[in-house]
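Colleague: Quick note: the sequence shown uses full-length UniProt numbering, first residue 1, plus one each step. Where is the CB? At the ideal position from N, CA and C, for every residue including glycine.
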Amino acid sequence: MPEITYTPYDATQEPRQLESIRTLISTDLSEPYSIYVYRYFLYQWGELCYMAMDEGSMIGVVVCKLETHRGGPMRGYIAMLAVKERYRGKGIATNLVKMAIKAMIERDADEVALETEITNTAAMRLYEGLGFLRSKRLHRYYLNGNSAFRLLLPLKSQQELGQRYHEHEHEECCEHEHGKHEHEHEHESVHSKDD
Ligand SMILES: CC(C)(COP(=O)(O)OP(=O)(O)OC[C@H]1O[C@@H](n2cnc3c(N)ncnc32)[C@H](O)[C@@H]1OP(=O)(O)O)[C@@H](O)C(=O)NCCC(=O)NCCS
């Protein structure tokens, strides 16, 4: 098999790349996403999207985001991951996820989260192999009635997280003082029902 190359998403190539990403992801999805969901992630966090290519053709992709979670930790979120069927089992998804996590760490992420169907053995092995821990079981999480695990990869010590929380409290208090407090919009997952 020719060598697989890895490349970050390039917004200047949007029409072509977005279409390839949609095709790749929608093949394996039980709940198809609208174009707006892809745009939501890629417009804001395109630098956290990585693609695996074989001779110009996209054969794997990971799509993510990174934002403050409920005023606390800076949380990376792996929203979509897929590898074309005949390329599976070669470590391609592992490489893509590692690249995304590295990009999140460079942007000061405290942790990384995701959900996956409890029956998805390949995804569970992949993520647990990378150190993700089962943080919650989400009953009937998907539209097809299947349940999910929320997996969490802590990237920082409790001490570092405590420090960040303290900083946040201080910022909030100062915002209150200046009458600028705004409600934060919780937008964890495109289909998040729980936390
Ligand atoms: C999940 C998926 C992305 C894995 O891609 P991949 O490139 O085959 O994964 P890797 O080759 O990096 O394998 C990672 C681990 O999963 C294991 N694995 C891969 N396919 C497996 C399978 N069918 N059954 C059991 N384990 C499997 C590998 O053995 C490896 O574990 P190891 O390091 O202990 O050997 C791919 O199967 C896929 O696209 N599935 C459909 C979409 C999907 O489920 N996405 C995840 C949503 S959270």
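Sorted by chain position, which residues of the same chain lie with C-beta nearer than 8 Å to His139's C-beta, five sequence neighbours on each side aside?
Modeller: Position 139 of the sequence shown, counted from the start, is the residue given in the question as residue 139. Excluding positions up to five away in sequence, the list reads Ser147.
Colleague: Go ahead and pull the three-state DSSP assignment for Thr68.
Modeller: What you label residue 68 is simply residue 68 of the sequence shown in a count that begins at 1. It is a strand residue.
Colleague: Below 8 Å, how does it come out for the segment 130-138 and the segment 79-92: are there three or more Cβ pairs, yes or no?
Modeller: No: fewer than three Cβ pairs fall under 8 Å.
Colleague: Any idea which residues DSSP pairs Arg75 with across the strands?
Modeller: Residue mapping note: residue 75 aligns to position 75 of the sequence shown, counting from 1. Per DSSP, Glu67 and Glu111.
Colleague: Return the residue from the list Gly89, Pro154, Glu160 and Leu155 that minimises the CA-CA distance to Arg125.
Modeller: Within the sequence shown, residue 125 is the residue found at index 125, counting from 1. Of Gly89, Pro154, Glu160 and Leu155, the residue nearest in Cα terms is Gly89.
Colleague: Determine, using beta carbons only, whether Leu155 and Ala109 come nearer to each other than 7 Å.
Modeller: Against the sequence shown, residue 155 aligns to sequence position 155. Against the sequence shown, residue 109 aligns to sequence position 109. Yes, these two residues count as a Cβ contact at 7 Å.
Colleague: For Gly149, which residues does DSSP report across the bridge?
Modeller: Within the sequence shown, numbered from 1, the residue matching residue 149 stands at position 149. First, the residue type needs correcting, since residue 149 is Phe and not Gly in the sequence shown. The partner list for Phe149 (beta bridge, DSSP) reads Thr116 and Arg137.
Colleague: Could you tell me if Asp10 is buried or exposed, where buried requires 16 or more neighbouring beta carbons within 10 angstroms of its beta carbon?
Modeller: Here the question's residue 10 lines up with position 10 in the sequence shown. It is exposed - the Cβ of Asp10 has fewer than 16 other Cβ atoms within 10 Å.
Colleague: Kindly identify the DSSP beta-bridge partner or partners of Thr5.
Modeller: Position 5 of the sequence shown, counted from the first residue, corresponds to residue 5. DSSP lists Met53 as partners of Thr5.
Colleague: Quick check on this structure: which residue in Thr116, Val112, Glu19 and Ala122 has the alpha carbon closest to the alpha carbon of Leu66?
Modeller: Here residue 66 corresponds to residue number 66 of the sequence shown, with the count starting at 1. For the residues Thr116, Val112, Glu19 and Ala122, the minimum Cα distance to Leu66 belongs to Val112.
Colleague: Hey, could you find the ends of the alpha helix (DSSP H) Tyr87 is sitting in?
Modeller: Walking along the sequence shown from the start, residue 87 turns up at place 87. Taken as a continuous stretch (DSSP letters only), Tyr87 belongs to no alpha helix (DSSP H), as it is neither H nor E.
Colleague: Tell me whether Leu81 sits in a helix, a strand or coil according to DSSP, three-state version.
Modeller: The residue you call residue 81 lines up with position 81 of the sequence shown. Strand at Leu81.
Colleague: Tyr127 lies in the alpha helix (DSSP H); which residues open and close that run?
Modeller: Position 127 of the sequence shown holds residue 127. Element bounds for Tyr127: Thr121 to Gly129.
Colleague: Compare the Cα-Cα distances from Tyr87 to each of Met53, Arg16 and Gln163 and report the closest residue.
Modeller: On the sequence shown, position 87 is the one that residue 87 refers to. Residue Met53 is the option with its Cα nearest to Tyr87.
Colleague: So, helix, strand or coil for Gly91, using DSSP?
Modeller: In the sequence shown, counting from the first residue as 1, residue 91 sits at position 91. Note: Gly91 maps to coil in three-state DSSP.
Colleague: Would you say the beta carbon of Asp54 is closer than 6 Å to some non-hydrogen atom of ligand 1?
Modeller: Numbered from 1 along the sequence shown, position 54 holds the residue referred to as residue 54. The answer is no for Asp54.
Colleague: Report the three-state DSSP secondary structure of Pro154 (helix, strand or coil).
Modeller: Within the sequence shown, the letter at position 154 stands for residue 154. Of the three classes helix, strand and coil, the one that applies to Pro154 here is strand, per DSSP.
Colleague: Within a Cβ cutoff of 8 Å, which residues of the same chain sit near Ile105, ignoring the five residues on either side of it in sequence?
Modeller: Here residue 105 is taken as the residue at index 105 of the sequence shown, counted from 1. If we look at Ile105 and ignore the five residues flanking it on each side, its Cβ neighbours are Leu155.
Colleague: Give me, in chain order, the residues of the same chain whose beta-carbon lies closer than 6 Å to that of residue 196; leave out the 5 immediate sequence neighbours on both sides.
Modeller: Outside the displayed span of the chain (1 to 195) sits residue 196, for which this structure offers no information.
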